[in-house]
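Mind the numbering: the sequence shown is residues 14 to 589 in this note's numbering, read in order.
Idealized CB from N, CA, C, for every residue including glycine.
Model, not experiment: these values are computed from the prediction.
Here is the structure we will look at.
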Amino acid sequence: MKRLYWALATMAALAAQAETWYPAPDWEDTPDPIASPCAKKGGTIRFSGGQAPKSLNGYVDNNTYTMMTFSLMFETMLGTDSETLDFVPGLARHWSISDDGEVFTFVLDENARWSDGEKVTAEDVKWTFDTILDQHNDTGPWKMILGMFESPEILDERTIRFTKKPGSPKDWRDLQHCGFFYIMPKHCFEGQDFNKLDLTGCAVSGPYYLSRVDEQVETEFTRNVNWWRKDMPSCRYVCNFDRLLVRYFVDNENAFEALKKRTIDVYPVYTARIMSAETHGEKFDRNWILKRRVSNHAPIGFQGFAMNMRKAPFDDVRVRQAMAMLIDRETMNRTMMFGEYFLLNSTYTDLYDDEHPCRNHFYEYNVEEARRLLKEAGYEKGFKFTFLSRSGTEDKFLALFNHALRQCNIEMEINRKDFAGWMRDMDQFNFEMTWASWGASIFRNPETQWLGAEADRKGSNNTVGFKSAEVDALIAREKGMATMAERADAYREIDRLVCEQVPYAFLWNIAEKRILYWNKFGMPATVMSRYGDEDSVFTYWWYDEDKAEELKEAMAGHKCLPDVPMRVEFDKALGK
């Protein structure tokens with residue numbers, strides 16, 4: 014009764030300050046529609062996690078796989094519904110927005126606990142925020158995201174208030190910004206060098222903790238049996254594995270060989286040749302290893318040869334245009350990638366349709382026009398530059414690119430580094446040209462990648478050094494746009510202005526997700542979530558003892574397992 018009185022009294026006092034509270038009084042936590050009631054806890058999954066990261070701290074290493082595992086350890090104050098994308102309680106049970114949109118208050122769930130039994134408190138929230146904003150910490154784009162707020166005010170043990178800085182423009186993402194950063198335990202990390210944290214065995218609020226690190230080889234995550242949310246309806250059939258082993262490989266080829274040798278169980282495919290030409294033989298033909306192509310509603314990112322616009326010769330748009338014309342993408346796609354990809358001319362591919370066609374220039378392979386542009390820019394005799402590479406899988410593409418470069422008297426030197434070294438150079442903008450790939454977010458934020466001020470912030474996502482007063486103005490206006498349609502129009506205009514400057518010589522992409530795995534796991538009919546990719550494996554799959562036994566018997570007797578459809582269309586699989 015005292016707890017109820019305390020909560021009601023706190024909310025009543027806060028409500029007096031003209032704030033609207035969420036969620037609605039009749040909101041109830043419900044089962045995740047993607048999660049299967051057939052899921053069982055137990056077992057181990059071994060996953061290919063790409064190249065070894067420079068850090069397992071997601072604030073320091075802005076990498077897809079690092080964030081995938083970081084988010085399994087640490088939670089945000091708000092979450093999103095897996096189907097509707099509505100904001101739902103996370104570490105916070107209630108939150109409010111002031112009538113003027115300047116103040117955001119969060120009341121933490123009274124049951125929220127770290128895995129060591131300590132309460133998750135407002136002190137943890139404030140410490141995490143202040144640590145991210147500390148100028149000595151390499152927290153890159155997170156500084157921009159949270160920098161619009163004053164240091165949050167602790168109202169009591171469970172209540173914390175965020176206030177926009179004076180003069181900071183309203184942004185439709187304000188609640189998202191202060192509600193969706195990962196809260197870390199102050200009592201574990203206070204006083205340590207945040208850039209060099211050892212997360213092994215630390216207290217977590219999420220479903221997994223880091224149990225072992227074998228440097229450059231693998232990391233092991235163990236299920237947090239004390240996860241405070243484990244009995245909630247939305248969490249009942251998720252995060253099912255007892256152990257997650259994330260293994261690192263120098264390149265995709267090594268990872269694929271590891272899959273065939275059963276060193277790993279799951280292999281996300283990012284090489285067309287592997288999916289199209291090398292998934293044959295007994296293991297695949299007898300369905301011991303399954304091939305899946307998943308089409309869902311995940312936003313589409315982009316990739317290309319990123320050019321550092323801060324340095325000559327790539328500070329000249331004519332040179333960047335010429336580089337785009339010297340990549341024979343059609344030949345690469347046809348001869349090296351089995352024609353599986355579509356060629357890019359946009360950073361926001363999925364925002365275009367018949368009603369909104371993309372009119373960005375499409376750069377065809379054209380050596381003569383490239384020569385003309387280079388002559389116009391004063392580089393008729395060519396130049397030298399260094400291509401920062403992170404994988405040997407790039408070599409065949411760079412060889413064809415280099416053939417075209419030589420026709421223009423351009424000499425390219427390849428500087429190969431491992432992924433951690435590549436990331437360090439990218440954070441310091443220490444490159445001339447490199448191959449960069451970017452995922453896409455459901456809640457788009459062009460500010461992190463295209464705002465001019467971010468071009469000067471080390472570790473930011475504006476790695477190419479793009480600056481445009483027009484784009485800056487559009488980004489400022491987009492913050493105040495109320496509807497998705499308005500914002501989509503703004504994104505398309507930003508896309509047009511960015512692509513005119515050719516900061517990336519675009520390559521290609523694919524709309525579907527491809528994955529290979531040993532046939533011993535249970536999963537939802539959709540395989541992945543509505544907006545997810547391989548991160549769905551950790552959340553929704555489970556170890557199926559019956560399938561594992563059937564696989565063992567099939568391999569011993571050289572028998573076939575039942576066929577499984579290779580193509581999965583999310584809406585059809587969900588019955589919609």
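Inset, instruction - At 4 residues or longer, and completely inside the segment 523–575: list those alpha helix (DSSP H) runs for me, N to C. - result: 549–553 and 558–570
Legend entry - Residue range of the beta strand (DSSP E) that includes GLN316: 315–320
Legend entry - Outcome for PRO102 when other beta-carbon atoms lying within 10 angstroms are tallied against a minimum of 16: buried
Inset, instruction - Could you say which of LEU85, SER542 and ILE528 lies nearest to ARG580 if we only look at CA atoms? - result: ILE528
Legend entry - Run of the beta strand (DSSP E) containing ASP227, from where it starts to where it stops: 221–227
Legend entry - DSSP beta-bridge partners of ASP143: In the DSSP output, where bridge partners are listed per residue, ASP143 has none listed.
Legend entry - For GLU483, the nearest candidate out of LEU464, LYS492 and THR476 (CA to CA): LEU464
Inset, instruction - From the DSSP output, in three-state form, read off LEU357 for me. - result: coil
Legend entry - Segment contact, 8 Å Cβ cut-off, at least three pairs: the segment 251–261 with the segment 54–66: yes
Legend entry - C-alpha gap between THR97 and PRO36, whole angstroms: 14 Å
Legend entry - Boundaries of the beta strand (DSSP E) in which GLU424 is found, first to last residue: 424–429
Legend entry - Inter-residue Cα distance where the pair is ALA20 and THR134: Its pLDDT being 45, under 50, ALA20 is placed unreliably in this model, and the value from its coordinates should be taken loosely. Roughly 15 Å separates the two Cα atoms.
Inset, instruction - Count the other CB atoms, across all protein chains shown, that sit within 10 Å of the CB of SER164; report buried if there are 16 or more and exposed otherwise. - result: exposed
Inset, instruction - Whole angstroms is fine: what's the gap from ALA417's alpha carbon to LYS585's? - result: 45 Å
Inset, instruction - Can you tell me which of PHE534, ARG543 and LYS565 puts its alpha carbon nearest to the alpha carbon of TRP555? - result: PHE534
Inset, instruction - For LYS67, collect the residues of the same chain with a Cβ closer than 7 Å to its Cβ; drop the 5 residues on either side in sequence, then sort them by chain order. - result: ASP74, ALA433, MET436 and ARG437
Inset, instruction - Following the continuous beta strand (DSSP E) through GLY92, name the residue where it begins and the one where it ends. - result: 91–93
Inset, instruction - Please confirm whether ARG275 and LYS572 have their CB atoms less than 8 Å apart. - result: no
Inset, instruction - Take LEU611 and list the residues in its own chain whose beta-carbon comes closer than 6 Å to its own, dropping the five residues that flank it on each side. - result: Given a span of 14 to 589 for the chain in the structure shown, any question on residue 611 remains unanswerable.
Legend entry - SER84 (DSSP reduced to helix, strand or coil): helix
Inset, instruction - Kindly list the residues whose CB is nearer than 7 Å to the CB of PHE94, restricted to its own chain and excluding five residues on each side of it in sequence; keep chain order. - result: Contrary to the premise, residue 94 reads as Asp rather than Phe in this sequence. Answer for ASP94: VAL101, listed in chain order.
Inset, instruction - Determine the extent of the beta strand (DSSP E) in which MET446 is found, giving its start and end residues. - result: 446–451
Legend entry - Under the three-state DSSP convention, the category ALA586 falls into: helix
Legend entry - Residues that DSSP places opposite GLU233 in a beta bridge: ARG225 and LEU258
Legend entry - Separation of ASP113 from GLU492, as counted between CA atoms: The sequence shown places Lys at residue 492, not Glu. Cα to Cα, the separation comes out at about 15 Å.
Inset, instruction - Give me the Cα-Cα distance between GLY478 and ASP440, rounded to the nearest whole angstrom. - result: 12 Å
Legend entry - C-alpha gap between ASP548 and VAL263, whole angstroms: 20 Å
Inset, instruction - Let me know if ALA26 comes out buried or exposed under the rule of 16 or more other beta-carbons within 10 Å of its beta-carbon. - result: With a pLDDT of 47 at ALA26, under the threshold of 50, the modelled position of that residue is not reliable, and no figure is offered here.
Legend entry - Beta-bridge pairing of PHE60 - partner residues as DSSP gives them: VAL259 and VAL279
Inset, instruction - Specify whether the segment 378–386 and the segment 333–344 touch according to this definition: at least 3 beta carbon pairs, one from each stretch, less than 8 Å apart. - result: yes
Inset, instruction - Can you tell me the Cβ-Cβ gap for MET197 and ALA319, rounded? I've got them flagged as a contact below 8 Å. - result: No, MET197 and ALA319 are not in contact; Cβ-Cβ is about 31 Å, not under 8 Å.
Legend entry - Whole-angstrom distance between GLU499 and ASN373, CA atom to CA atom: 20 Å
Legend entry - Pairwise C-alpha distance: VAL251 and LYS526: 21 Å
Legend entry - Residue(s) in a DSSP beta bridge with PHE169: Checking the displayed sequence, the identity of residue 169 turns out to be Asp instead of Phe. Answer by DSSP bridge pairing, in chain order: THR172.
Legend entry - Cα-Cα separation, THR152 to ASP187: 19 Å
Inset, instruction - Assign ASP115 to one of three DSSP states: helix, strand, or coil. - result: The sequence as given places Glu at residue 115; Asp does not occur at that position. Coil.
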